[in-house]
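Q: Okay, here's the structure, questions in a sec.
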Amino acid sequence: MTDDAAARFDALCARALGDPEGFWGEAARDLVWTRPWDRVLDARRPPFYRWFSGGRINICYNALDRHVAAGRGGQTALVYDSPVTGRIERYTYRDLTERVARLAGAIRHLGVGPGDRVVIYMPMVPEAAMAMLACARLGAVHSVVFGGFAANELATRIDDAKPKLILSASCGIEGAKRIPYKPLLDAAIERAAAKPAHCLVFQRPELGCDLVPGRDLDWAEAVAAAEPVPCADTAATDPLYILYTSGTTGVPKGVVRDHGGYAVALHWSMGNIFGLAPGETMFTASDVGWVVGHSYIVYGPLIRGCISVLYEGKPIGTPDAGAFWRVVREHGVHVLFTAPTAFRAIRREDPDGAFIRKAPLGAFRALFLAGERCDPPTLAWAETQLGLPVIDHWWQTETGWPIAANCLGIARLPVKPGSPTKAVPGWDVRVLDEAGQPAKPGEIGNLAVRLPLPPGALPTLWQADDRYVASYLTAFPGYYQTGDAGFIDEDGYIFVMTRTDDIINVAAHRLSTGAMEEVVAAHPDVAECAVIGVADELKGQVPVGFVVLKAGVARPDDAIEREVGQLVRDRIGPIAGFKRTLVVNRLPKTRSGKILRQAMRGLADRKPVTVPPTIDDPAALDEIADALKEAGF
Ligand code: COA
Ligand code: AMP
Numbered sequence: 001m002t003d004d005a006a007a008r009f010d011a012l013c014a015r016a017l018g019d020p021e022g023f024w025g026e027a028a029r030d031l032v033w034t035r036p037w038d039r040v041l042d043a044r045r046p047p048f049y050r051w052f053s054g055g056r057i058n059i060c061y062n063a064l065d066r067h068v069a070a071g072r073g074g075q076t077a078l079v080y081d082s083p084v085t086g087r088i089e090r091y092t093y094r095d096l097t098e099r100v101a102r103l104a105g106a107i108r109h110l111g112v113g114p115g116d117r118v119v120i121y122m123p124m125v126p127e128a129a130m131a132m133l134a135c136a137r138l139g140a141v142h143s144v145v146f147g148g149f150a151a152n153e154l155a156t157r158i159d160d161a162k163p164k165l166i167l168s169a170s171c172g173i174e175g176a177k178r179i180p181y182k183p184l185l186d187a188a189i190e191r192a193a194a195k196p197a198h199c200l201v202f203q204r205p206e207l208g209c210d211l212v213p214g215r216d217l218d219w220a221e222a223v224a225a226a227e228p229v230p231c232a233d234t235a236a237t238d239p240l241y242i243l244y245t246s247g248t249t250g251v252p253k254g255v256v257r258d259h260g261g262y263a264v265a266l267h268w269s270m271g272n273i274f275g276l277a278p279g280e281t282m283f284t285a286s287d288v289g290w291v292v293g294h295s296y297i298v299y300g301p302l303i304r305g306c307i308s309v310l311y312e313g314k315p316i317g318t319p320d321a322g323a324f325w326r327v328v329r330e331h332g333v334h335v336l337f338t339a340p341t342a343f344r345a346i347r348r349e350d351p352d353g354a355f356i357r358k359a360p361l362g363a364f365r366a367l368f369l370a371g372e373r374c375d376p377p378t379l380a381w382a383e384t385q386l387g388l389p390v391i392d393h394w395w396q397t398e399t400g401w402p403i404a405a406n407c408l409g410i411a412r413l414p415v416k417p418g419s420p421t422k423a424v425p426g427w428d429v430r431v432l433d434e435a436g437q438p439a440k441p442g443e444i445g446n447l448a449v450r451l452p453l454p455p456g457a458l459p460t461l462w463q464a465d466d467r468y469v470a471s472y473l474t475a476f477p478g479y480y481q482t483g484d485a486g487f488i489d490e491d492g493y494i495f496v497m498t499r500t501d502d503i504i505n506v507a508a509h510r511l512s513t514g515a516m517e518e519v520v521a522a523h524p525d526v527a528e529c530a531v532i533g534v535a536d537e538l539k540g541q542v543p544v545g546f547v548v549l550k551a552g553v554a555r556p557d558d559a560i561e562r563e564v565g566q567l568v569r570d571r572i573g574p575i576a577g578f579k580r581t582l583v584v585n586r587l588p589k590t591r592s593g594k595i596l597r598q599a600m601r602g603l604a605d606r607k608p609v610t611v612p613p614t615i616d617d618p619a620a621l622d623e624i625a626d627a628l629k630e631a632g633f
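Be aware that the sequence shown starts at 1, since it is given in full-length UniProt numbering, and climbs by one per residue.
Spelled out as structure tokens, the structure:
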């Protein structure tokens, strides 16, 4: 890195914060607007800031039609690579635009218009991306629910979003397993109070399903009968999607994203953070159900005119730890983005990197990791094996794009292991103590972002302005509370260490232990319980439950463990990875009855534990230590 490059990066940061209207107004000119904005930053109703108010733009137009109109319709837009079905399909921008326009016609035919909600519950097939883009085309608001969630979680989201229509598929494929989606969908609709009028079901040849007469329609038939429709003239501030994420209770938060700010931020990030030019290839190994999939499988690469690889497989086992490298070589991938957990899995099966060295990786030039803390050994292994930049970057469902990253497209800064580098231009990140005072460099505190947040970040929660303010903007007035704790060093490098709430990251899937406690407490034999996240070599963290049984219950511990695990699987989903429940006689508490979860976590992770002076019965903590030891932790 030259001093010039570092200076350019600092200058961009200073400009983005000092003159946000100039900075983002300029970035917005790269896109096609049907009406220019009246205000770049609309600060008339703080803390509800809006970007590009008065402007009109459709994100689907910018992701698809714009490239066709510019003469690039023949370029590949999407590659579907599915080792679990043996299929590889390529869609050009023209082809994808036509398919999305026709699907939008089918959706409109079912009575869906601008502002109506559509839930998408689909596996990693190209039709899932088409479904998102088709909703955007119509100005309808999509809400994708990850396939690994159980019917109950789907029902909660249906009740909050109140969709007119649900788009789904007959099955998902997880490695060698076929997961029938339809029974989950039917159970969720049965449970939900807000019934959708219709479901459009994509039948997969691997496992079909029955349709409910009058309610369900066959995807292929509906699309074949539909007329293509053009893009709706949406306002920049119109909602594009709702993406539910774990809150501290069983009720998830509906993060809202708009058309204009999101399109501008993603387009800017594709060039400046990921360093990708139009025509280059991005492979984001995630799922369309997560924010990473929304931003960097679907919208970001397409807005930039890149080729996006949509991969239906795992990092290992489909068929082996060389799966990602096969995709990289076969599709000429320039940038791969995945979660550290995927790399830990690859490293475990291919410690010497034999699959990496099997053949040259072609145009591959950088690996981006996010979704959970990137542990330095995983970073070091990836760097050594690849001999290429490995970029840890930090963001959240709420922010929509990275808060901190080594911005390859601007200047490659030196790496400090354990840090996602510095705040990206547009993000004013601070560390605050509990009283909201700035912490000194190196001092751990709450990571907060000074308002207004840049374009692309959440403007609010779906129909819950109060919850938005209470959850994010109240603890530190004038700041967005990330819920992460960490520090910023003398050089401005950010270190994200842990969450300040009950959120845990299991294989980079964000889950709430509070929500799991609600489920565990519902077991008929459980009197009280606590769920904590325990460090795990592969998944980063896994949940572990501690239960006290009701008086008089004398059942084997393993039966309780099995039933509690099944309950969490049925109510939250298999991705919770809830396998361990320890039966104890009591839970350690303070004298006022607060469960000492932090001390329990410390014991499980074999870290020094400070016993608070307010502990009610120190022997209860000793009992937890014994239970953990006996269970092999
Ligand atoms: N639909 C249905 N079930 C799903 C699912 C989906 N989309 N995704 C996961 N599941 C199920 C799995 O089949 C598994 O079920 P099981 O308990 O019956 O075996 C369970 O949920 C847990 O899955 P997973 O977390 O994937 O664990 P795993 O042990 O099967 O695989 C890894 C371990 C590390 C290979 C895997 O977690 C992985 O690929 N992680 C990367 C995650 C990632 O990319 N996250 C994106 C965020 S950026
Ligand atoms: P999600 O909303 O699912 O993307 O999860 C966001 C949370 O994941 C953040 O609040 C962090 O706790 C964690 N996270 C994401 N990326 C990183 C990273 N690079 N380093 C540390 N933690 C991360």
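Glycine included, C-beta positions come from ideal geometry on N, C-alpha and C.
1) Run the proximity test for residue 146: is its beta-carbon closer than 7 Å to any non-hydrogen atom belonging to the ligand COA?
2) Less than 7 Å between C-beta atoms, sequence neighbours within five positions excluded: which residues of the same chain meet that for residue 258?
3) Inspect the beta-carbon positions of residue 543 and residue 552 and report whether they are closer than 8 Å.
4) Only counting runs of 3 or more residues, tell me where the beta strand (DSSP E) segments fall wholly within the region 89-123, in order along the chain.
5) Would you give the residue range spanned by the beta strand (DSSP E) that residue 523 belongs to?
6) Output the distance between the C-alpha atoms of residue 562 and residue 583, rounded to the nearest integer angstrom.
7) Apply the 10 Å Cβ neighbour rule to residue 379 and answer buried if 16 or more other Cβ atoms are within range, or exposed otherwise.
8) Under DSSP, the alpha helix (DSSP H) around residue 468 begins and ends at which residues?
9) Taking 7 Å as the cut-off, does the CB of residue 509 come closer than this to any heavy atom belonging to the ligand HEM?
10) Are residue 180 and residue 199 touching if we call contact CB-CB under 8 Å?
11) Quick check: the Cα distance between residue 146 and residue 40, rounded to an integer number of angstroms?
12) Assuming residue 364 and residue 334 form a contact by the criterion Cβ under 8 Å, report the distance between their Cβ atoms to the nearest whole angstrom.
13) Going by Cα to Cα distance, which pick from 571, 575, 313 and 585 is closest to residue 554?
14) Taking the alpha-carbon positions, what's the residue 513 to residue 602 distance?
15) Assuming residue 442 contacts residue 489 (C-beta within less than 8 Å), just tell me the rounded distance between them.
16) Less than 8 Å separating the beta-carbons of residue 201 and residue 225?
17) With 16 as the cutoff for other CB atoms within 10 Å, does residue 312 come out buried or exposed?
18) Would residue 81 pass as a contact of residue 393 if the rule is Cβ separation under 8 Å?
19) Expressed to the nearest angstrom, what Euclidean distance is found between the alpha-carbon atoms of residue 46 and residue 204?
20) Which residue marks the beginning of the beta strand (DSSP E) containing residue 179, and which one marks its end?
21) Would you call residue 611 buried or exposed, if buried means 16 or more other Cβ atoms sit within 10 Å of its Cβ?
22) Going by C-alpha to C-alpha distance, which of 61, 38 and 43 sits closest to residue 54?
23) Which residues in the same chain as residue 371 place their Cβ atom closer than 6 Å to its Cβ, once the five residues preceding and following it in sequence are excluded?
24) Suppose the cutoff is 6 Å on Cβ atoms and the five residues either side in sequence are ignored; what does the same chain contact list for residue 135 look like?
25) In chain order, which continuous runs of the alpha helix (DSSP H) of length 4 or greater are located wholly inside the region 286-365?
26) Counting Cβ pairs, one atom from each stretch, are 3 or more of them under 8 Å apart for the region 314-325 and the region 344-359?
27) Using only the heavy atoms of the ligand AMP, determine whether one of them is closer than 7 Å to the beta carbon of residue 374.
28) Does the beta carbon of residue 542 fall short of 7 Å from some heavy atom of the ligand COA?
29) Excluding the 5 residues preceding and the 5 following residue 254 in the sequence, name in chain order all residues of the same chain whose CB lies nearer than 6 Å to its CB.
30) Could you tell me which uninterrupted alpha helix (DSSP H) segments, each at least 4 residues in length, are contained entirely in the region 350-437, listed from first to last along the chain?
31) What are the boundary residues of the beta strand (DSSP E) that residue 479 is part of?
32) Step through the CB atoms of chain B and report whether any lies within less than 8 Å of the CB of residue 478.
33) Taking 7 Å as the cut-off, is the CB of residue 484 close to at least one heavy atom of the ligand AMP?
34) Hey, how far is the Cα of residue 196 from the Cα of residue 189?
35) One question on the structure: do residue 498 and residue 515 come within less than 8 Å of each other, judged by their Cβ atoms?
36) Less than 7 Å separating the Cβ of residue 318 from some heavy atom of the ligand AMP?
A: To lay it out plainly:
1) Start at 1 with the first residue of the sequence shown, and residue 146 comes out as number 146. Yes, since a heavy atom of the ligand COA falls inside the 7 Å radius drawn around the Cβ of residue 146.
2) If you number the sequence shown from 1, residue 258 lands on position 258. Excluding positions up to five away in sequence, the list reads 236, 237, 238, 239, 240 and 459.
3) Indexing the sequence shown from 1 puts residue 543 at position 543. Indexing the sequence shown from 1 puts residue 552 at position 552. In this structure, residue 552 does not lie closer than 8 Å to residue 543 by Cβ.
4) 117-121
5) The residue labelled residue 523 in the question sits at position 523 within the sequence shown. No beta strand (DSSP E) contains residue 523, which DSSP labels as neither H nor E.
6) Mapped onto the sequence shown, residue 562 falls at position 562. Mapped onto the sequence shown, residue 583 falls at position 583. Using only the alpha carbons, I get a separation of about 12 Å.
7) Counting from 1 along the sequence shown, the entry for residue 379 is found at position 379. Buried: at least 16 other Cβ atoms inside 10 Å.
8) The count along the sequence shown starts at 1 and reaches residue 468 at position 468. Segment 465-468, the alpha helix (DSSP H) holding residue 468.
9) The ligand HEM is absent from the structure shown, which contains only the ligand COA and the ligand AMP.
10) Counted from its first residue, the sequence shown places residue 180 at position 180. Counted from its first residue, the sequence shown places residue 199 at position 199. Not closer than 8 Å, so no.
11) What you label residue 146 is simply residue 146 of the sequence shown in a count that begins at 1. What you label residue 40 is simply residue 40 of the sequence shown in a count that begins at 1. In this structure, the alpha-carbon of residue 146 lies about 33 Å from that of residue 40.
12) Residue numbering aside, residue 364 sits at position 364 when the sequence shown is read from its first letter. Residue numbering aside, residue 334 sits at position 334 when the sequence shown is read from its first letter. At roughly 7 Å, the Cβ-Cβ gap stays under 8 Å, so residue 364 and residue 334 are in contact.
13) Numbered from its first residue, the sequence shown carries residue 554 at position 554. Checking every option, the nearest Cα to that of residue 554 belongs to 585.
14) In the sequence shown, the residue the question calls residue 513 occupies position 513. In the sequence shown, the residue the question calls residue 602 occupies position 602. Their backbone Cα atoms lie some 16 Å apart in a straight line.
15) Taking the first residue of the sequence shown as position 1, residue 442 is located at position 442. Taking the first residue of the sequence shown as position 1, residue 489 is located at position 489. Here residue 442 really is in contact with residue 489; their C-beta atoms are around 6 Å apart, less than 8 Å.
16) The residue you call residue 201 lines up with position 201 of the sequence shown. The residue you call residue 225 lines up with position 225 of the sequence shown. Contact: no.
17) Here residue 312 is taken as the residue at index 312 of the sequence shown, counted from 1. Classification for residue 312: buried.
18) As a first step, residue 81 is located in the sequence shown; it is residue number 81 there, counting from the start. As a first step, residue 393 is located in the sequence shown; it is residue number 393 there, counting from the start. For residue 81 and residue 393, no; Cβs fall outside 8 Å.
19) The count along the sequence shown starts at 1 and reaches residue 46 at position 46. The count along the sequence shown starts at 1 and reaches residue 204 at position 204. So the two alpha carbons sit approximately 48 Å from each other.
20) For the purposes of this step, residue 179 is taken as the residue at position 179 of the sequence shown. 177-180 is the extent of the beta strand (DSSP E) around residue 179.
21) Counting from 1 along the sequence shown, the entry for residue 611 is found at position 611. Per the 10 Å Cβ criterion, exposed.
22) The count along the sequence shown starts at 1 and reaches residue 54 at position 54. Cα-wise, what sits closest to residue 54 is 38.
23) Sequence index remark: in the sequence shown, residue 371 carries index 371 (1-based). Hits under 6 Å: 339 and 508.
24) The residue you call residue 135 lines up with position 135 of the sequence shown. So the qualifying residues of the chain are 118 and 142.
25) Within the region 286-365, the complete alpha helix (DSSP H) runs of at least 4 residues are 300-303, 323-331, 340-349 and 354-357.
26) yes
27) Here residue 374 corresponds to residue number 374 of the sequence shown, with the count starting at 1. It does: the Cβ of residue 374 is within 7 Å (strictly closer) of some heavy atom of the ligand AMP.
28) If you number the sequence shown from 1, residue 542 lands on position 542. No, since every heavy atom of the ligand COA falls outside the 7 Å radius drawn around the Cβ of residue 542.
29) The residue given as residue 254 occupies position 254 in the sequence shown. Within its own chain, the residues whose Cβ lies closer than 6 Å to the Cβ of residue 254, once the five positions on either side in sequence are excluded, are 160, 242, 244, 461 and 462, listed in chain order.
30) 354-357 and 376-386
31) Mapped onto the sequence shown, residue 479 falls at position 479. From DSSP, the beta strand (DSSP E) with residue 479 extends over 479-488.
32) Although the question refers to chain B, the structure presented lacks it and comprises just one protein chain.
33) By one-based count along the sequence shown, residue 484 stands at place 484. Yes - the ligand AMP has a heavy atom lying nearer than 7 Å to the Cβ of residue 484.
34) Position 196 of the sequence shown, counted from the start, is the residue given in the question as residue 196. Position 189 of the sequence shown, counted from the start, is the residue given in the question as residue 189. In a straight line, the C-alpha of residue 196 is about 8 Å away from that of residue 189.
35) As a position in the sequence shown, residue 498 is number 498, starting the count at 1. As a position in the sequence shown, residue 515 is number 515, starting the count at 1. The answer is no: Cβ separation not under 8 Å.
36) Looking up residue 318 in the sequence shown gives position 318. No, the ligand AMP has no heavy atom inside 7 Å of this Cβ.
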